[in-house]
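Enquirer:
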Amino acid sequence: MKFAVTGGAGFVGSNIVKLLVKENHDVLVIDNMHTGKKENLQEIFDKIEFCELDIRNILELENKIKDVDGIFHEAALTIVQESFLMEEEYYDVNVKGTENIFKIAKKYGIKVVFASSSSVYGNTEKIPIIENNERNPINPYGKTKLEDEFLAEKYSKKGVSIIGLRYFNIFGKGQTGSYAGVITKFVNQLKEKKSPIIFGDGSQIRDFIFVEDIAQSNLSAMLSKINFGFFNIGTGKTTTILQLAKFLIKLYNLEISPEFSDPLDGDVQKSQANIKKTQQLLNWTYKIDIEEGLEKMIKLKK
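Take a look at the structure:
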């Protein structure tokens with residue numbers, strides 16, 4: 001089959017591309033190179049078609065992707081703190097750009113699997129979070145992802161097959177500060193033998209999911225018979241930020257302690273996925289837990 005991956009040179013997108021190539025699919029990568037890097041695709045670059053293109057350019061986009069069998073839509077601006085400073089830009093890329101994908105999918109009958117986010121839930125008291133939880137994002141980035149879900153609902157009623165995957169905290173090789181940013185920051189600090197700085201008291205709960213598992217969840221969703229729905233993509237297991245800092249300190253074999261600073265604006269306190277619906281309907285579950293994933297990641301980064 002032939003698939004397009006928007007944002008395919010980015011952290012998550014490039015992992016999806018590598019999996020598709022491994023499974024012998026033809027792959028078209030669409031990326032405007034805002035944060036994407038060709039080196040993320042270096043090992044498979046001769047096996048893919050690459051197009052430097054912005055998803056807001058609907059005419060060129062349509063011309064490139066109209067004949068694919070499915071679209072994995074990963075292109076987005078993703079930094080929560082930055083979204084407060086660039087609300088219009090985030091809306092333009094994440095919402096208008098996503099609607100371009102849905103419009104093309106409707107016109108040509110193409111199935112779409114797109115990156116939503118656990119940030120659509122906002123601060124929820126009850127965890128683990130199930131998919132029919134109230135959606136109440138607390139930052140502009142999360143609001144754009146909720147708008148994408150509203151668009152998905154609208155276009156599904158027009159006959160488009162659309163699945164939204166609500167990613168929890170992604171981490172892995174090649175990640176940037178916009179994904180599970182706390183891990184990137186801690187690793188950078190520890191590489192310089194500095195204490196990891198925790199914003200808040202460290203009691204914040206996260207559900208960390210390895211990027212290779214994210215890629216597999218996308219392929220499972222695309223190949224499933226499901227035509228519409230939103231699905232949590234996490235592990236269902238929790239790690240506090242303080243536990244994370246201590247585990248990384250141990251991995252780096254350092255005799256230091258975390259330092260604490262003021263909490264960040266728009267930071268969610270509790271995040272944990274209930275993945276029963278995903279397991280049952282998409283036939284997917286994670287394979288790599290936080291400890292194994294960090295060990296793999298640290299070996300690669302050292």
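Everything in the sequence shown is counted per the working numbering, starting at 1 for the first residue and increasing by one. From the three backbone atoms N, C-alpha and C, an ideal C-beta is built for every residue, glycine too. Bear in mind the structure is a predicted one, so any value in this text is a computation, not a measurement.
Could you name the residues of the same chain whose beta carbon sits closer than 8 Å to that of residue 1, not counting the 5 residues immediately before and after it, in chain order?
Expert: Taking the first residue of the sequence shown as position 1, residue 1 is located at position 1. Taken in chain order, the residues that qualify are 25, 26, 69 and 70.
Enquirer: According to DSSP, simplified to helix, strand and coil, what is residue 169?
Expert: Indexing the sequence shown from 1 puts residue 169 at position 169. Strand, per DSSP.
Enquirer: Please report the straight-line C-alpha distance between residue 31 and residue 237, rounded to a whole angstrom.
Expert: In the sequence shown, counting from the first residue as 1, residue 31 sits at position 31. In the sequence shown, counting from the first residue as 1, residue 237 sits at position 237. Approximately 33 Å between the Cα atoms of the pair.
Enquirer: Do residue 43 and residue 29 come within 8 Å of each other at the CB atom, strictly closer than that value?
Expert: Position 29 of the sequence shown, counted from the start, is the residue given in the question as residue 29. Position 43 of the sequence shown, counted from the start, is the residue given in the question as residue 43. Going by C-beta atoms, residue 29 is not nearer than 8 Å to residue 43.
Enquirer: Flag this pair as touching only if the stretch 235–250 and the stretch 280–290 have three or more C-beta atom pairs under 8 Å; answer yes or no.
Expert: Contact holds: three or more Cβ-Cβ distances are below 8 Å.
Enquirer: Name the two residues that bound the continuous alpha helix (DSSP H) containing residue 58.
Expert: Numbered from its first residue, the sequence shown carries residue 58 at position 58. Looking at the DSSP string, the run of the alpha helix (DSSP H) that includes residue 58 is 58–65.
Enquirer: What separation, rounded to the nearest whole angstrom, lies between the Cα atoms of residue 220 and residue 255?
Expert: Here the question's residue 220 lines up with position 220 in the sequence shown. Here the question's residue 255 lines up with position 255 in the sequence shown. Taking the straight line from one Cα to the other gives about 43 Å.
Enquirer: Go ahead and pull the three-state DSSP assignment for residue 226.
Expert: In the sequence shown, residue 226 corresponds to position 226, counting from 1. Correct three-state label for residue 226: coil.
Enquirer: Among the candidates 184, 192, 46 and 147, whose CA atom is the shortest distance from the CA of residue 253?
Expert: To locate residue 253, count along the sequence shown from 1; it is residue 253. Nearest option by C-alpha distance: 192.
Enquirer: State the CB to CB distance for the pair residue 212 and residue 172, rounded to an integer number of angstroms; the pair is presumed to be in contact (CB under 8 Å).
Expert: What you label residue 212 is simply residue 212 of the sequence shown in a count that begins at 1. What you label residue 172 is simply residue 172 of the sequence shown in a count that begins at 1. Yes, residue 212 and residue 172 are in contact; Cβ-Cβ is about 7 Å, under 8 Å.
Enquirer: Within the stretch 197–254, note down every full alpha helix (DSSP H) run reaching 4 residues or more, in order along the chain.
Expert: Runs of the alpha helix (DSSP H) inside the stretch 197–254: 211–223 and 241–251.
Enquirer: Beta-carbon separation of residue 165 and residue 217 under 8 Å?
Expert: Working through the sequence shown from its first residue, we reach residue 165 at position 165. Working through the sequence shown from its first residue, we reach residue 217 at position 217. Against a cut-off of 8 Å, the Cβ pair of residue 217 and residue 165 comes out as a contact.
Enquirer: Return the chain-ordered list of same chain residues with a C-beta closer than 7 Å to the C-beta of residue 226, the five sequence neighbours on each side being excluded.
Expert: For the purposes of this step, residue 226 is taken as the residue at position 226 of the sequence shown. Cβ neighbours of residue 226 beyond the five flanking positions: 163, 281 and 282.
Enquirer: Here's the rule I'm using: 16 or more other beta-carbon atoms within 10 Å means buried, otherwise exposed. How should residue 153 be labelled?
Expert: By 1-based counting over the sequence shown, the position of residue 153 is 153. It is exposed - the Cβ of residue 153 has fewer than 16 other Cβ atoms within 10 Å.
Enquirer: Would you report the Cα separation of residue 257 and residue 189, rounded to the nearest angstrom?
Expert: As a position in the sequence shown, residue 257 is number 257, starting the count at 1. As a position in the sequence shown, residue 189 is number 189, starting the count at 1. Rounded to the nearest angstrom, the two C-alpha atoms are 12 Å apart.
Enquirer: Report all residues from its chain with a CB closer than 7 Å to the CB of residue 98; omit the five preceding and five following residues, and keep chain order.
Expert: Looking up residue 98 in the sequence shown gives position 98. Closer than 7 Å at Cβ, skipping near neighbours: 73, 114, 148 and 151.
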